[in-house]
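Worksheet: the structure to be examined is printed underneath.
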Amino acid sequence: MSRIRVSTRTDERQPLYLQIQEHFKQMIHAGYMEENSKFPTEKQLMEQFGVSRMTVSNALTQLAKDGWIYRIPGRGSFVSSEFRVKEDEIPENKQLDVMHVKAHGERSSSRKLIGFVLPLLEDFFAIRLIRGIYSALEDSDYYVSIVLTHNSKEREKEAIQELIKSGAVGLIIFPIDAETYNEEILVLKLRQFPFVLIDRYLPGFETHCVCSDNWMSAQLAVNHLWELGHRDIAICSDIPINTVTVDERIRGYMEALKQKGSMINPALIVTDFHAADMIPTDRHPLYHYIKNRTATAYITLNLKLGMYVAGIVKNLGIHVPRDLSIITYDNPSLELDGKPAFTHIDQFEEEIGTKSAELLLKLLRNQERLTEPNKLIVKSALVLGESTGAISAKE
15 MSRIRVSTRT DERQPLYLQI QEHFKQMIHA GYMEENSKFP TEKQLMEQFG
65 VSRMTVSNAL TQLAKDGWIY RIPGRGSFVS SEFRVKEDEI PENKQLDVMH
115 VKAHGERSSS RKLIGFVLPL LEDFFAIRLI RGIYSALEDS DYYVSIVLTH
165 NSKEREKEAI QELIKSGAVG LIIFPIDAET YNEEILVLKL RQFPFVLIDR
215 YLPGFETHCV CSDNWMSAQL AVNHLWELGH RDIAICSDIP INTVTVDERI
265 RGYMEALKQK GSMINPALIV TDFHAADMIP TDRHPLYHYI KNRTATAYIT
315 LNLKLGMYVA GIVKNLGIHV PRDLSIITYD NPSLELDGKP AFTHIDQFEE
365 EIGTKSAELL LKLLRNQERL TEPNKLIVKS ALVLGESTGA ISAKE
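Letter by letter, the sequence shown follows residues 15 to 409 of the working numbering.
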């Protein structure tokens with residue numbers, strides 16, 4: 015099993031090139047970027063982070079100097095093996111990506127296992143969750159084993175079963191995006207096995223969970239855009255199925271518009287595309303929405319989608335925020351002149367991670383209260399950035 019270290023330090027005001035370095039260092043350490051795999055090109059990184067070539071070049075130069083990547087003239091940059099732990103403990107069930115996070119010191123036989131089931135580890139959202147869990151367990155008698163399910167319902171089921179077989183005394187589960195919950199989670203509830211859900215809950219089937227205030231956060235986004243003069247406000251998600259998170263945000267969006275006496279335009283609720291379509295193309299449904307100026311502002315339900323929309327806008331020669339405004343969910347951790355590149359909804363993922371671990375510890379230390387579901391809501395905040403502005407006079 016590969017081991018990862020997760021820093022609990024966070025400095026959102028670091029220079030851009032340092033933030034990019036930190037992002038990729040954590041991705042490499044986490045095992046998300048495989049040894050000797052091709053590193054993104056300078057052009058790809060410029061588009062991904064919305065920064066200059068010089069910023070990207072400085073980041074890559076330092077990563078290479080520190081041994082995180084190596085460069086081959088004419089071929090590009092590749093992930094080095096220097097900072098990756100040798101995988102001499104790979105489990106028999108090789109289809110599961112498993113890693114350990116040590117809260118402090120060396121693991122001992124007296125320390126107990128807590129499992130963290132996570133769909134993917136590819137962005138700041140997941141990293142902040144892990145930081146929060148790590149900080150809550152740092153001085154405890156528990157260590158964490160993380161299993162990535164790659165948004166597969168079957169892998170999620172296997173992950174839960176394997177962690178329990180491995181001796182996990184409790185689980186923190188970030189459910190996959192699906193219309194129905196994994197039956198294995200329902201089994202945990204019926205067995206009264208200690209577990210906490212992150213980001214999702216089971217409607218009609220109460221469980222311990224820690225979630226964002228999705229309904230209110232969507233209203234914050236709409237209210238801000240409305241104050242700037244926008245009336246044609248689109249909300250879009252690359253998750254086609256009706257998850258609780260997406261449903262709550264869309265309902266919050268509609269409620270905010272209703273409170274302002276605005277009619278709900280179904281054409282401005284865009285969810286009919288898949289994550290697999292995330293390749294800039296004039297055939298993508300979002301391309302035509304933006305090109306035809308269907309809306310003057312877009313609320314995207316995750317950062318990856320927000321950056322994708324920004325890429326389409328740039329290709330079309332549309333200026334942000336003069337011609338079009340964008341609000342995205344999740345803190346991009348990138349700043350322009352001391353201000354976030356995106357106006358965004360900060361969900362305080364680290365706090366969510368911390369509260370989920372603290373709640374699980376309470377359950378483990380007080381078994382008789384397992385039957386009393388505890389739902390904790392972490393309030394989100396709107397953080398102003400460079401991607402929203404007053405609607406132009408011609409609109």
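Backbone N, C-alpha and C define an ideal beta-carbon position, used for all residues, glycine too.
Check your understanding: Are I83 and V70 close, meaning C-beta to C-beta below 7 Å?
Key -> The Cβ atoms of I83 and V70 lie no closer than 7 Å to each other.
**Study point:** Assigned secondary structure, Y156 (DSSP; H/G/I helix, E/B strand, else coil)
**Key:** Of the three classes helix, strand and coil, the one that applies to Y156 here is strand, per DSSP.
Exercise for review: Just the C-alpha distance for N345 and K171, rounded to the nearest angstrom, thanks.
Suggested key: Whole-angstrom Cα-Cα distance: 30 Å.
Point to revise | Distance between Y267 and K274 (C-alpha atoms, nearest Å) | key: Distance between the alpha carbons of K274 and Y267 is about 11 Å.
Review point. Does the region 331-345 come within contact of the region 199-214, defined as at least 3 CB pairs closer than 8 Å?
Key: The answer is no - the region 199-214 does not touch the region 331-345, with fewer than three Cβ pairs under 8 Å.
Practice item. Please go through the region 303-330 and give each complete beta strand (DSSP E) segment of 3 or more residues, from N-terminal end onward. Key: Uninterrupted beta strand (DSSP E) stretches at least 3 residues long and entirely within the region 303-330 occur at 311-314, given in chain order.
Practice item. Sort out for me which residues DSSP pairs G90 with in a bridge. Key: Bridge partners of G90: I86.
Review point. By how many angstroms is the C-alpha of T368 removed from the C-alpha of L375?
Key: When the Cα atoms are used, L375 and T368 turn out to be separated by approximately 11 Å.
Review point. Thinking C-beta only, is G399 closer than 7 Å to T357?
Key: Their beta carbons are under 7 Å apart, which means T357 touches G399 by this criterion.
Practice item. Kindly identify the DSSP beta-bridge partner or partners of P1. Key: In the structure displayed, the chain extends from 15 to 409; residue 1 sits before or after that span and is not available.
Practice item. Flag this pair as yes or no: are the beta carbons of A182 and L127 separated by less than 7 Å? Key: Result yes, Cβ atoms of A182 and L127 sit closer than 7 Å.
Check your understanding: Is I212 near the ligand NAD, judged by its Cβ being under 6 Å from some heavy atom?
Key -> Questions concerning the ligand NAD fall outside what the structure shown contains, since it holds no ligand whatsoever.
Check your understanding: Helix, strand or coil: how does DSSP classify A117 here?
Key -> Residue confidence for A117 is low, a pLDDT of 44 falling below 50, so the modelled location carries little weight; the figure read from the coordinates is stated next. Looking at A117 - three-state DSSP - the assignment turns out to be coil, as it is neither helix nor strand.
Review point. Which residues in the same chain as V65 place their Cβ atom closer than 6 Å to its Cβ, once the five residues preceding and following it in sequence are excluded?
Key: L30, listed in sequence order.
Review point. Quick one: is A235 buried, meaning 16 or more other Cβ sit within 10 Å of its Cβ, or exposed?
Key: The Cβ neighbour count for A235, taken over all protein chains shown within 10 Å, is at least 16; the residue is labelled buried.
**Study point:** Extent of the continuous alpha helix (DSSP H) to which I278 belongs
**Key:** No alpha helix (DSSP H) contains I278, which DSSP labels as neither H nor E.
Review point. Just how far apart, CA to CA, sit A73 and P387?
Key: Cα to Cα, the separation comes out at about 46 Å.
Check your understanding: Which same chain residues, not among the five before or five after V210, have their C-beta less than 7 Å away from its C-beta?
Key -> I186, H222, C223, V224, S370, L373 and L374.
Point to revise | Beta bridge counterpart(s) of Y343 as assigned by DSSP | key: According to DSSP, Y343 bridges with I359.
Check your understanding: Under a three-way DSSP split, which group does V65 fall into?
Key -> Secondary structure at V65: coil, using DSSP grouped into helix, strand and coil.
Check your understanding: Within this structure, are the beta carbons of V334 and V323 separated by less than 7 Å?
Key -> No, the Cβ-Cβ distance between V334 and V323 is not below 7 Å.
Point to revise | Secondary structure of A395, DSSP reduced to three states | key: Shown here, A395 sits in a strand according to DSSP, grouped into three states.
Check your understanding: Of the choices I178, M230, I190 and K305, whose alpha-carbon is the least far from that of R205?
Key -> Residue nearest to R205 within the set I178, M230, I190 and K305 is I178 (criterion: CA-CA distance).
Review point. Shortest alpha-carbon distance to L396 belongs to which of N237, M60, Q76 and E220?
Key: Comparing Cα positions, the closest option is N237.
Exercise for review: Write down the C-beta distance between G184 and L377 rounded to the nearest angstrom, noting that I regard them as a contact closer than 8 Å.
Suggested key: Right, their Cβ atoms sit about 7 Å apart.
Review point. Excluding five sequence neighbours on each side, which residues of the same chain lie with their C-beta closer than 6 Å to the C-beta of L390?
Key: Excluding residues within five positions, the ones whose Cβ falls inside 6 Å are V224 and K369.
Exercise for review: Apply the 10 Å Cβ neighbour rule to A281 and answer buried if 16 or more other Cβ atoms are within range, or exposed otherwise.
Suggested key: So A281 counts as exposed.
Exercise for review: Would you kindly work out how many angstroms separate the C-alpha atoms of S149 and S226, rounded to a whole number?
Suggested key: Between S149 and S226, the C-alpha separation is close to 19 Å.
Exercise for review: Ignore the nearest five residues each way along the sequence and tell me which others in D261's own chain have a CB closer than 6 Å to its CB.
Suggested key: Excluding positions up to five away in sequence, the list is empty.
Review point. Closest by CA to R263, which one among D246, M277, V284 and S276?
Key: Here the closest residue by C-alpha is V284.
Exercise for review: Within its chain, find whatever has a CB closer than 7 Å to the CB of R67; leave out the 5 residues flanking it on each side and keep chain order.
Suggested key: Scanning its chain for C-beta atoms nearer than 7 Å, with the 5 sequence neighbours on each side dropped, one finds around R67 the residues E56 and M60, in chain order.
Check your understanding: What's the C-alpha gap between A140 and V161?
Key -> Taking the straight line from one Cα to the other gives about 12 Å.
**Study point:** Close beta carbons around G403, own chain, < 7 Å, minus the five adjacent residues each side
**Key:** Excluding positions up to five away in sequence, the list reads L242, P335, R336 and S339.
Exercise for review: Kindly indicate which residue of M41, D252, D80 and F207 has the alpha-carbon position closest to the one of T298.
Suggested key: Note that residue 298 is His in the sequence shown, not Thr. Checked all of M41, D252, D80 and F207; the closest Cα to H298 is D252.
Review point. Once you ignore the five residues that flank K393 on each side, which residues in its own chain have a CB closer than 6 Å to its CB?
Key: Same-chain partners within the cutoff: D227.
Point to revise | Rounded separation between D360 and D213 - CA only | key: Taking the straight line from one Cα to the other gives about 14 Å.
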